[in-house]
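Student:
2 protein chains.
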Amino acid sequence: MAKLTGAAVFGQSGGPTSVINSSASGVFQQALKEELITEVYGAAHGIKGILEENFYDMSKESQEELDLLKTTPSSALGSVRYKLADPSVDDTDYKRILEVFKKYNIRYFFYNGGNDSMDTTNKISKFLAKSGYECIVMGVPKTIDNDLFGTDHCPGYASAARYVATTIMEVYQDARVYDTPMITVIEIMGRNAGWLTAASALAAHKGAGPDLIYLPEVPFTIDKFVSDVRKVFDKTGKVIVAFSEGCKNNEGQYIAEMGSTLSTDAFGHAQLGGASSVLADIVKNEFKCKVRGIEFSLMQRCGAHIGSKTDVDEAFMAGSEAVKAATSGVTDHMVAFERIMVDGKYTCKPQLVNLSYAANTEKTFPMEWLNKEKNFVTKEFIEYALPLIQGDSHPPYVDGLPRFAKLNKVLVPKK
Amino acid sequence: MAKLTGAAVFGQSGGPTSVINSSASGVFQQALKEELITEVYGAAHGIKGILEENFYDMSKESQEELDLLKTTPSSALGSVRYKLADPSVDDTDYKRILEVFKKYNIRYFFYNGGNDSMDTTNKISKFLAKSGYECIVMGVPKTIDNDLFGTDHCPGYASAARYVATTIMEVYQDARVYDTPMITVIEIMGRNAGWLTAASALAAHKGAGPDLIYLPEVPFTIDKFVSDVRKVFDKTGKVIVAFSEGCKNNEGQYIAEMGSTLSTDAFGHAQLGGASSVLADIVKNEFKCKVRGIEFSLMQRCGAHIGSKTDVDEAFMAGSEAVKAATSGVTDHMVAFERIMVDGKYTCKPQLVNLSYAANTEKTFPMEWLNKEKNFVTKEFIEYALPLIQGDSHPPYVDGLPRFAKLNKVLVPKK
């Protein structure tokens with residue numbers, strides 16, 4: 023596309039990560055430098071902020087706070103889960119976006135998110151083009167699920183992986199402190215892709231991790247699970263299981279739902295807890311020993327205090343590269359990462375992939391990186407993941423506690 | 023007591039903390055230097071290791087691993103929950119301990135634990151004295167509950183408090199990322215004392231903490247809880263609640279048990295989850311909004327990667343001071359901490375308190391540090407807790423992951 027002069031808007035979408043604000047920092051700091059970009063806006067709550075004309079003027083933020091964004095978890099601008107309709111069915115939102123873009127002369131649109139958000143970004147771009155409105159549209163990837171197509175890995179994944187691996191290493195010490203049998207079942211995020219649950223293997227690689235790992239890519243059955251646990255239990259009396267919240271049986275039932283049926287059948291009452299408490303109840307009943315169900319919950323995706331420096335830096339780069347590409351005339355692409363190994367040393371190079379390619383489908387965990395029993399991952403995964411979690415990143419501490427960015431959030435007067 | 027020459031044994035007892043091994047490091051490093059101490063033994067699984075003569079020869083450990091103990095969470099020697107009988111009722115275990123101590127010429131006994139362990143230590147000391155066996159007995163405090171008498175605070179508390187405060191600050195960012203109502207209920211450890219739950223107020227002090235705090239010292243009723251939540255919810259639509267696992271109603275029922283009754287009444291089924299899922303279910307039903315129940319589980323007591331340097335150093339000092347006092351002839355005492363504020367600057371001085379005093383009873387949270395509504399803590403608590411969490415402590419990272427101590431654990435041949 024020809025180079026455009028005008029305002030830029032950036033929005034954050036979907037579930038937060040530890041580093042989505044680092045990408046925001048990269049976008050803002052680069053955009054504020056670009057001559058072609060006349061104004062830099064942050065959309066409050068993603069696409070919703072565009073529809074409602076809620077824009078923050080990012081030129082009103084201090085350099086210090088923009089830098090602090092790099093180590094501030096979650097979405098500083100606010101996020102959203104809002105799915106745009108298919109424009110061929112209902113183009114109301116698209117027309118509204120076009121109207122707003124025209125009003126504010128927005129010629130650069132950057133959107134930060136996962137699969138769904140890349141799809142949204144792509145649809146908006148196509149609609150604007152069809153309407154004859156010139157606007158450069160770029161996607162910035164993020165997801166702890168690591169399931170975006172066309173990129174070696176996704177910003178946000180490695181910090182969550184480092185949280186998972188570090189925390190399991192600590193829980194491992196705790197869970198074997200008594201000389202009595204104990205089973206620990208740990209629930210990790212990832213509805214459809216097992217990348218984050220697989221990161222528990224990094225703890226095992228250091229000798230302090232799970233014995234068994236269950237990913238959503240493999241159908242989960244209670245019988246196989248209990249028999250797997252029994253094998254380890256009979257040998258050591260201590261078992262740690264890492265499993266994905268997304269594990270489903272052949273009928274597509276999630277573990278929490280399986281528990282409901284099972285518990286009602288076996289004990290005459292419904293089980294209301296999450297998946298970790300369902301599995302904990304099942305093994306407690308089977309093995310009559312101390313059992314603990316643990317859910318890493320929100321902590322795994324916002325644990326910036328144990329972030330990966332590699333991840334934080336790459337997330338920043340993804341943001342700044344999106345702006346550089348945009349001002350050089352590229353549109354309809356997402357920034358992706360290419361892994362280059364030189365003499366065994368990892369480097370990461372930004373590359374651009376077509377938005378429609380990235381929005382296409384989920385990149386699930388490779389089946390060839392599972393062991394024969396499909397209850398653990400192979401060393402190929404360790405080789406893949408280990409370089410990503412290198413380097414210690416945490417926010418600066420003031421009074422022993424994190425100092426996160428505090429944005430002024432000066433609203434742009436509505437036009 | 024006259025100075026004694028002989029072997030020393032050290033054991034760890036009760037629930038692990040992030041810094042109990044730092045006290046072990048202090049005991050071992052000091053004991054290995056003392057001329058009066060001929061051998062330094064680590065008891066496997068506390069008192070059980072003594073009864074079973076399972077001793078590790080600590081002189082067989084490298085300086086590097088002994089140093090790494092300072093940042094290795096949980097009990098490296100193994101812990102135990104074993105309550106000795108009242109010796110006037112059943113002195114079998116005491117006689118066995120005496121037999122073992124004689125056999126190995128153990129003249130120094132150091133025991134690291136909370137209330138119950140100090141009681142055990144005290145009973146053993148009295149029994150040995152009554153039996154005419156000369157042995158110096160010293161307690162080393164530890165508990166994340168911070169409920170030991172005769173000390174300003176307890177090793178282990180501050181690191182758990184720093185975990186709680188930091189993690190809530192992160193969860194706070196995550197929990198308000200969407201512009202839709204959300205209620206988050208966070209369960210924190212502490213069966214009888216609210217010190218650790220109160221630490222959530224440190225996050226609030228930094229503007230990113232809970233709106234409501236419930237301690238076990240205050241009777242908990244669902245009605246008051248729901249009405250408290252409603253007041254915040256109506257104002258902001260976002261509520262974060264921190265509550266102690268030890269919260270009970272006037273009849274002494276824990277929250278998890280209340281839920282069971284409540285859920286059966288209201289929906290016709292039993293609620294099996296922990297306290298956080300019980301409260302989450304209650305507010306979900308009342309407020310019809312997104313609700314998340316979070317349990318900090320084992321992570322809060324083994325999160326050495328976000329330890330307090332102050333705590334780690336003080337825990338080490340408690341260990342080394344116990345040895346120094348012992349070799350100077352002191353017995354039947356526990357090392358305690360005195361807080362000295364000089365020009366507003368915190369310093370911590372070791373002092374010795376009588377074991378029977380420390381074992382006496384639990385130090386609960388002061389009622390005068392609660393607000394009028396008894397659903398938050400006052401600034402006096404912040405002033406008390408803030409100095410304790412200063413300084414960043416974490417294990418050294420190798421390959422981006424913690425490097426914990428790996429002891430050789432060379433067993434002493436049984437005599």
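Taken in order, these protein sequences are the chains called A and B. Note that the first sequence covers residues 23 to 437 in our numbering. Note that the second sequence covers residues 23 to 437 in our numbering. Each residue gets a CB set at the ideal place from its N, CA and C atoms; glycine is no exception.
1) Need the endpoints of the alpha helix (DSSP H) that A53/B sits in, please.
2) Quick one: using the 10 Å Cβ neighbour count with 16 as the cut-off for buried, is N430/A buried or exposed?
3) Assuming S153/A and P95/A make a contact with CB atoms under 8 angstroms, what is their CB distance in whole Å?
4) Taking contact to mean at least 3 C-beta pairs separated by less than 8 angstroms, is the segment 299-312 of chain A in contact with the segment 382-390 of chain A?
5) Can you pull the chain B residues whose beta carbon is under 9 angstroms from the beta carbon of L316/A, in chain order?
6) By the criterion of Cβ-Cβ separation under 7 angstroms, what are the contact partners of P424/A in chain B?
7) Using 8 angstroms as the threshold, is the segment 417-424 of chain A in touch with the segment 423-437 of chain B, meaning 3 or more CB pairs across them?
8) Please decide whether H175/A counts as near chain B, where near means a Cβ-Cβ distance under 7 angstroms.
9) Which value, in whole angstroms, describes the spacing of the CA atoms of T400/A and N393/A?
10) Which one of C370/A, W391/A, S350/A has the shortest CA to CA distance from A358/A?
11) Are the C-beta atoms of S84/A and some chain B residue less than 7 angstroms apart?
12) For a test of the three-state rule: what should DSSP assign to R103/A, helix, strand or coil?
13) Please identify the residue among G33/B, I42/B, K257/B whose C-alpha is closest to the C-alpha of A337/B.
14) Look at the Cβ atom of S1/A, then the Cβ atom of Q52/A, and state whether they are nearer than 7 angstroms.
15) Check N127/B in the structure and name its three-state DSSP category.
16) Report the residue from G351/B, D354/B, G341/B, V434/B whose alpha carbon sits nearest the alpha carbon of P163/B.
17) Only counting runs of 4 or more residues, tell me where the alpha helix (DSSP H) segments fall wholly within the segment 175-253 of chain B, in order along the chain.
18) Buried or exposed for I208/A, please, with buried defined as at least 16 other CB atoms from any protein chain shown within 10 angstroms of its CB.
19) Can you find a CB in chain C that lies within less than 7 angstroms of the CB of S96/B?
20) With respect to the beta strand (DSSP E) encompassing F32/A, which residues constitute its N-terminal and C-terminal limits?
21) With hydrogens ignored, establish whether the beta-carbon of G28/A is closer than 6 angstroms to any heavy atom of the ligand SAM.
22) Could you spell out the range, first to last residue, of the alpha helix (DSSP H) harbouring K306/B?
23) Does chain A have any CB closer than 7 angstroms to the CB of K324/B?
24) The beta strand (DSSP E) spanning D333/A covers which residue range?
25) Among residues of its own chain, excluding the 5 on either side of V313/A, which ones have a beta-carbon nearer than 6 angstroms to its beta-carbon?
26) Answer yes or no: do S378/A and N144/A have a C-beta to C-beta separation smaller than 7 angstroms?
27) Quick one: which chain A residues come within Cβ less than 7 angstroms of D365/B?
28) Classify S415/A as helix, strand or coil using the three-state DSSP reduction.
29) Does the beta-carbon of T286/A have 16 or more other beta-carbons within 10 angstroms, so that it is buried, or is it exposed?
30) Consider the Cβ of Y406/B: report whether some Cβ of chain A lies at a distance smaller than 7 angstroms.
31) What's the C-alpha gap between A197/B and E121/A?
32) Report buried or exposed for S249/A, applying the criterion of at least 16 other Cβ atoms within 10 angstroms of its Cβ.
33) Alpha carbon to alpha carbon, how far is C176/B from H291/A? Give it in angstroms, no decimals.
34) Give the interface partners of D256/A over in chain B, defined as CB-CB distance under 8 angstroms, in chain order.
35) Could you tell me whether any Cβ in chain A is nearer than 7 angstroms to the Cβ of I411/B?
36) How about S101/B: is its C-beta nearer than 7 angstroms to some C-beta of chain A?
Tutor: So, from the listed chains and residues:
1) 42-53
2) exposed
3) About 37 angstroms separates the two Cβ atoms, so there is no contact after all.
4) no
5) One detail in the question is off: residue 316/A reads as Ile in this sequence, not Leu. Under the 9 angstroms cutoff, chain B gives E317, S319, L320, M321.
6) T188, M191
7) no
8) no
9) 6 angstroms
10) C370/A
11) no
12) coil
13) I42/B
14) Chain A is shown only over 23 to 437; residue 1/A falls outside these bounds and no answer can be derived.
15) coil
16) G341/B
17) 179-197, 217-220, 222-227
18) buried
19) The chain labelled as chain C is not found among the protein chains of the depicted structure, namely A and B.
20) 28-34
21) Judged by which ligands are present, the structure shown has none, so any question about the ligand SAM falls away.
22) 297-309
23) Reading off the sequence shown, one finds Cys at residue 324/B, where the question assumed Lys. Yes, C324/B counts as interfacial toward chain A.
24) Where D333/A is concerned, there is no enclosing beta strand (DSSP E), although the alpha helix (DSSP H) it sits in stretches over 331-349.
25) I205, A302, V305, K306
26) yes
27) Those do not exist, as D365/B stays about 17 angstroms from chain A at its closest Cβ, beyond 7 angstroms.
28) strand
29) Note that T286/A scores 46 on pLDDT, short of 50, meaning its location in the model is unreliable; the coordinates nonetheless yield the value given after this. T286/A should be labelled exposed.
30) no
31) 32 angstroms
32) exposed
33) Its pLDDT being 42, under 50, H291/A is placed unreliably in this model, and the coordinates cannot settle the point.
34) In chain order: nothing, as chain B lies at least about 21 angstroms away.
35) yes
36) yes
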